[in-house]
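If you read the sequence shown in my numbering, its first letter stands for residue 7, the second for the next number, and so on. Down below is the structure, laid out as structure tokens.
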Amino acid sequence: LSLLTACDPASSPWLAGEPVKLIIDTNLPKEIKPDLVKTAVQDRLAEFGMKVSPYGRRTITVSYDPDCKCPNCMLSGGVSKDMVLAYVNMYDFDKIKICPNLLTWYPDEGDNIVYSTVAHEMCHVLGLNGHNEAGKGNLCSPGYQDHGHTKKFSKQDIKDICSFGGIKSIFCNQ
């Protein structure tokens, strides 16, 4: 399950039209292809009229956390930390941390789990505090089992990301 919340990105919102620098740490395991991570981030930013550029003022960093510290994970009943695939720390909402459990799913799910997990974590990077309803086709729903084959934000995802104020985009007014 991909769990966690973003802190207060509304205090410094992402701005549509401003390029974003993407840093993909070299500590990612070989199964996690940097180009796939970049595509997942680019695709989600594009839904808000943003793009990845080496000249971005703001930065999103994707790295591997072998201990899956997940200091602010709010785990619901029956969910343990060893089930977390990735997280965004509420105090560093522009950093996506990949956990070892993602690799245990990789042999069965392949690149789809990497793309889907990074795309889901972008919900939190862009400002969503919490998760959207499961079973409704929301990429921002809490578990990979629910959003694993969803390739873009639902209308509800976009509405909720915008309502938390972490992004300023014309796409928030549609």
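Using N, Cα and C, we set each Cβ at its ideal position, and we do this for glycine too.
Close-in-space but distant-in-sequence residues of the same chain around arginine 63 (CB under 7 Å, 5 per side omitted): Glu24
Touch test, the stretch 136-146 against the stretch 52-72, Cβ-Cβ under 8 Å, three pairs minimum: no
Which listed residue (Phe170, Met56, Lys75, Gly172) has its alpha carbon closest to that of methionine 89: Nearest of Phe170, Met56, Lys75, Gly172 to methionine 89, Cα basis: Lys75.
Limits of the unbroken alpha helix (DSSP H) element including alanine 92: It is not in any alpha helix (DSSP H) - alanine 92 instead sits in the beta strand (DSSP E) that spans 92-94.
Classification of glycine 133 by the beta-carbon crowding that lies within 10 angstroms, buried from 16 upward: Here glycine 133 is buried, its C-beta having at least 16 other C-beta atoms within 10 Å.
Contact set for lysine 44: own chain, Cβ-Cβ below 8 Å, skip 5 residues either direction: Leu28, Ile30, Val58
Residues sharing a beta bridge with arginine 64, DSSP: Val26
Beta carbon of isoleucine 104 nearer than 9 Å to that of valine 94: no
Boundaries of the beta strand (DSSP E) in which isoleucine 102 is found, first to last residue: 101-104
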